[in-house]
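Residue numbers (our numbering), protein chains in the order written: chain A, 1 to 350; chain B, 351 to 700.
From the three backbone atoms N, C-alpha and C, an ideal C-beta is built for every residue, glycine too.
Keep in mind the model is a prediction, meaning the values are calculated, not measured.
Number of protein chains: 2
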Amino acid sequence: MTDLSQLSNQQIRLARRPVGTPTGDDWQQTTEPVQAPPAGGLVVKTLALSLDPAMRGWMNEGKSYIAPVGIGEVMRAGGIGRVLASSHPKFAVGDLVSGMLGVQAYAGLTAEQAGRAGLEKIDTRMGSVTQWLNVLGMPGMTAYFGLLDVGQPRPGDTVVVSGAAGAVGQTVGQLARIKGCRVVGIAGGRAKCDWVVGELGFDACIDYKAGNVRAGLKEHCPKGVDIYFDNVGGDILDEVLARLAMHARIVICGAISQYNNTAPVQGPRNYLSLLVHRARMQGMVVFDYAERFPQAVAELAGYLKDGRMKSREDVVRGLENFPEALNRLFTGENFGKLVLQVADEVTGSR
Amino acid sequence: MTDLSQLSNQQIRLARRPVGTPTGDDWQQTTEPVQAPPAGGLVVKTLALSLDPAMRGWMNEGKSYIAPVGIGEVMRAGGIGRVLASSHPKFAVGDLVSGMLGVQAYAGLTAEQAGRAGLEKIDTRMGSVTQWLNVLGMPGMTAYFGLLDVGQPRPGDTVVVSGAAGAVGQTVGQLARIKGCRVVGIAGGRAKCDWVVGELGFDACIDYKAGNVRAGLKEHCPKGVDIYFDNVGGDILDEVLARLAMHARIVICGAISQYNNTAPVQGPRNYLSLLVHRARMQGMVVFDYAERFPQAVAELAGYLKDGRMKSREDVVRGLENFPEALNRLFTGENFGKLVLQVADEVTGSR
Numbered sequence: 001m002t003d004l005s006q007l008s009n010q011q012i013r014l015a016r017r018p019v020g021t022p023t024g025d026d027w028q029q030t031t032e033p034v035q036a037p038p039a040g041g042l043v044v045k046t047l048a049l050s051l052d053p054a055m056r057g058w059m060n061e062g063k064s065y066i067a068p069v070g071i072g073e074v075m076r077a078g079g080i081g082r083v084l085a086s087s088h089p090k091f092a093v094g095d096l097v098s099g100m101l102g103v104q105a106y107a108g109l110t111a112e113q114a115g116r117a118g119l120e121k122i123d124t125r126m127g128s129v130t131q132w133l134n135v136l137g138m139p140g141m142t143a144y145f146g147l148l149d150v151g152q153p154r155p156g157d158t159v160v161v162s163g164a165a166g167a168v169g170q171t172v173g174q175l176a177r178i179k180g181c182r183v184v185g186i187a188g189g190r191a192k193c194d195w196v197v198g199e200l201g202f203d204a205c206i207d208y209k210a211g212n213v214r215a216g217l218k219e220h221c222p223k224g225v226d227i228y229f230d231n232v233g234g235d236i237l238d239e240v241l242a243r244l245a246m247h248a249r250i251v252i253c254g255a256i257s258q259y260n261n262t263a264p265v266q267g268p269r270n271y272l273s274l275l276v277h278r279a280r281m282q283g284m285v286v287f288d289y290a291e292r293f294p295q296a297v298a299e300l301a302g303y304l305k306d307g308r309m310k311s312r313e314d315v316v317r318g319l320e321n322f323p324e325a326l327n328r329l330f331t332g333e334n335f336g337k338l339v340l341q342v343a344d345e346v347t348g349s350r
Numbered sequence: 351m352t353d354l355s356q357l358s359n360q361q362i363r364l365a366r367r368p369v370g371t372p373t374g375d376d377w378q379q380t381t382e383p384v385q386a387p388p389a390g391g392l393v394v395k396t397l398a399l400s401l402d403p404a405m406r407g408w409m410n411e412g413k414s415y416i417a418p419v420g421i422g423e424v425m426r427a428g429g430i431g432r433v434l435a436s437s438h439p440k441f442a443v444g445d446l447v448s449g450m451l452g453v454q455a456y457a458g459l460t461a462e463q464a465g466r467a468g469l470e471k472i473d474t475r476m477g478s479v480t481q482w483l484n485v486l487g488m489p490g491m492t493a494y495f496g497l498l499d500v501g502q503p504r505p506g507d508t509v510v511v512s513g514a515a516g517a518v519g520q521t522v523g524q525l526a527r528i529k530g531c532r533v534v535g536i537a538g539g540r541a542k543c544d545w546v547v548g549e550l551g552f553d554a555c556i557d558y559k560a561g562n563v564r565a566g567l568k569e570h571c572p573k574g575v576d577i578y579f580d581n582v583g584g585d586i587l588d589e590v591l592a593r594l595a596m597h598a599r600i601v602i603c604g605a606i607s608q609y610n611n612t613a614p615v616q617g618p619r620n621y622l623s624l625l626v627h628r629a630r631m632q633g634m635v636v637f638d639y640a641e642r643f644p645q646a647v648a649e650l651a652g653y654l655k656d657g658r659m660k661s662r663e664d665v666v667r668g669l670e671n672f673p674e675a676l677n678r679l680f681t682g683e684n685f686g687k688l689v690l691q692v693a694d695e696v697t698g699s700r
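In structure tokens:
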């Protein structure tokens, strides 16, 4: 058993509520001794953390689908870790686990905290550690239930997904293709577009940084858009609204274009297209589907195994680089699911 | 049989596409001789016409759920008429009919045109002529299918409806109450609010002209809004979005606040509330439910008969007053379903 008293826990805490894009001053780096696990609890060494657009929302005050991170608290983050010490009946030393570990090198959890953190053992025969933060983790679950439960794809449907090379988008598009849909991605830059078409098998991808989303949608969705899986909001949502097919479904997963706004959110001006096309726009939060995660993980792991699905993770190293790494999501610099590698022991991307 | 050659057909045609609120110059009044009915067709004398917010949309160019009215064409309008002459197998002289008669004193229709106009006999034992343009007509059908099929009310739900004293709103609210919901209206002015609460049995009504919609929603919807039936769009839609209950349903029926805009439509800035509350916003067009109209008419007529439902129509007289009358919808001057009485033979509102 590791001598915990030798370890020091590096942490990143929320120092204040950011206005617009978070800056270094919004964070505080702290160090604490690692404590012995509480009775019935455990200590987990963080291996890798998931960096997600939703984290920006958790930093804001106000009612949302989850309580905000408090000022002075360790920043909330999902991650993968290895159990260093445990008197929890479900977890043994050496187990690999996923859950809300927080932006820190070690997480000490009571049994009750482990439950709230959604701690579960993971099996790296189903996917690598980074894939467990991507296709087999929250982004994959979001893609799976958002597309299948909310979007309700039928073979032949035209599915458009924004943030196509990102964590959620890559799985949405590949899953839609597997379900027999025609898939059009929207991504920033030629490299991402080439990858989702060439590697992931999307039917087309529109490079929004190159310009004309409207013309691209017209060219690649001649019969209109049956499902739009929206990760970005803003102008792109409006362009897709203008191209809906009858009875279209829009899955509202996020609106990354709006998260650092200091002005009010840009509402979709073309929302009356919902009326014209008898269409619906529906929001979803992945945590609602927790009971069905195992079924989704099994299905997606099968696709990874048989090669019908690929994944790409963009790995940044070092807990101290968390603040800068997080901001790469909002500039679109990341290419693939953004992962912060916290300890050396991480199975690489595919 | 009436001597048709003695009749002249007064008509109102669309002279040009309005910019903003329609003005007198956007209309052209014409007079034509009434022709003998085409073989297999009929001539209908218009008794009353339905004036609806949707008509403003029909005057605009561009793709919508229905083709725009062409420049120079008789303005499209639904109405009730009496058959003056007929060689149509389904209609006999003297029958009362409803359908798209247009803003004209007489409609001459081929069998094919009668089909496209949705011509159907009406039974005034089920409701008065004006009620056949209201509860038993398109507004009632819109309320019925929008609330029940799209909104899917459950007993105990809190239902909010804007334009509460208007044609669609009055039926939405009463029907929701009959289905066991708590009903909160939003209307302009004390008189309308008093009427929907005192006469129609709404649980509360917020006077948006008096000010604070936000405070009113907070007071009257303490558990949030389960169903919002939206006839108005704009700021009110945003206020309701900010008060949604989990899994709320927003029925997008119209957006009268936006129809005369010369600026772009105001998109709902609070649309991410759909995500937070796992809610959906869905558009509907009443024509999609045509096959089920008889079932809805029978149910609503039953409520009128047993007194569980009331109706109010605001009747303006004279075809030539159509342009001014239509604009009353956009100022909110009408109180109840706006009807244009074209001929003297009209059963009045009770």
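- Between residue 617 of chain B and residue 270 of chain A, the C-beta spacing is below 9 Å.
- For the C-beta of residue 624 of chain B, the chain A residues within less than 8 Å are, from N- to C-terminus, 252, 281, 282 and 283.
- The region 203–211 of chain A and the region 177–195 of chain A touch, with three or more beta-carbon pairs separated by less than 8 Å.
- Sequence-distant partners of residue 436 of chain B (beyond 5 residues in either direction) whose C-beta falls short of 7 Å from its own C-beta, in its chain, are 387, 392, 442 and 443.
- Of the other Cβ atoms in all chains shown, 16 or more fall within 10 Å of the Cβ of residue 76 of chain A; this residue is therefore buried.
- C-alpha of residue 492 of chain B to C-alpha of residue 635 of chain B: approximately 7 Å in a straight line.
- Residue 595 of chain B: member of the beta strand (DSSP E) spanning 594–602, first to last residue.
- Straight across, the Cα-Cα distance linking residue 47 of chain A with residue 640 of chain B is about 60 Å.
- The C-alpha of residue 322 of chain A is placed about 16 Å away from the C-alpha of residue 69 of chain A.
- Residue 228 of chain A sits in a strand when the DSSP states are folded into three classes.
- In the structure shown, residue 407 of chain B falls within a helical segment according to DSSP collapsed to helix, strand and coil.
- Between residue 583 of chain B and chain A, the shortest Cβ-Cβ separation is below 9 Å.
- A distance below 9 Å separates the beta carbons of residue 538 of chain B and residue 682 of chain B.
- Note that the region 503–519 of chain B touches the region 574–581 of chain B; at least 3 beta-carbon pairs, one per stretch, sit closer than 8 Å.
- Around the beta-carbon of residue 298 of chain A, fewer than 16 other beta-carbon atoms lie within 10 Å, marking it exposed.
- In this structure, DSSP gives residue 256 of chain A a helical state, which the three-state scheme calls helix.
- Between residue 424 of chain B and residue 452 of chain B, the C-beta gap is smaller than 9 Å, which places the two residues in contact.
- With the rule of 3 Cβ pairs closer than 8 Å, the region 208–223 of chain A does not count as touching the region 247–266 of chain A.
- Cα atoms of residue 450 of chain B and residue 677 of chain B: separation of roughly 20 Å, rounded to the nearest angstrom.
- When rounded, the separation of the alpha-carbon atoms in residue 403 of chain B and residue 318 of chain A is 60 Å.
- Contact between residue 369 of chain B and residue 394 of chain B does not hold, since their C-beta atoms are separated by about 33 Å, which reaches or exceeds 8 Å.
- A straight-line Cα-Cα distance of about 21 Å links residue 473 of chain B and residue 455 of chain B.
- For residue 39 of chain A, the CB contacts under 7 Å within the same chain, skipping 5 residues up- and downstream, are 87 in chain order.
- DSSP, read as helix, strand or coil, puts residue 494 of chain B in helix.
- Annotation for residue 309 of chain A: 174 and 303 place their beta carbon closer than 6 Å to its own, counting only its chain and skipping 5 residues before and after.
- Taking C-alpha positions only, residue 207 of chain A is separated from residue 691 of chain B by approximately 56 Å.
- With respect to chain B, the C-beta atom of residue 265 of chain A has a partner C-beta closer than 9 Å.
- One thing to note: residue 447 of chain B has its Cβ no nearer than 9 Å to the Cβ of residue 483 of chain B.
- For residue 128 of chain A, the secondary structure class from DSSP, reduced to helix, strand or coil, is coil.
- With fewer than 16 other Cβ atoms inside 10 Å of its own Cβ, residue 8 of chain A counts as exposed.
- Judged by beta-carbon spacing, residue 252 of chain A lies within the 9 Å limit of residue 281 of chain A, meaning their Cβ atoms are closer than that value.
- A distance below 7 Å between beta-carbons, with the five flanking residues on each side excluded, links residue 152 of chain A to the following residues of its chain, in chain order: 249.
- Annotated three-state conformation of residue 299 of chain A is helix, per DSSP.
- For the 9 Å CB-CB criterion, residue 688 of chain B and residue 485 of chain B do not form a contact.
- Residue-level contact by beta carbon fails for residue 562 of chain B and chain A, as no gap is shorter than 9 Å.
- If only complete runs of 3 or more residues are kept, the region 169–227 of chain A shows the beta strand (DSSP E) at 182–187 and 204–207, in order along the chain.
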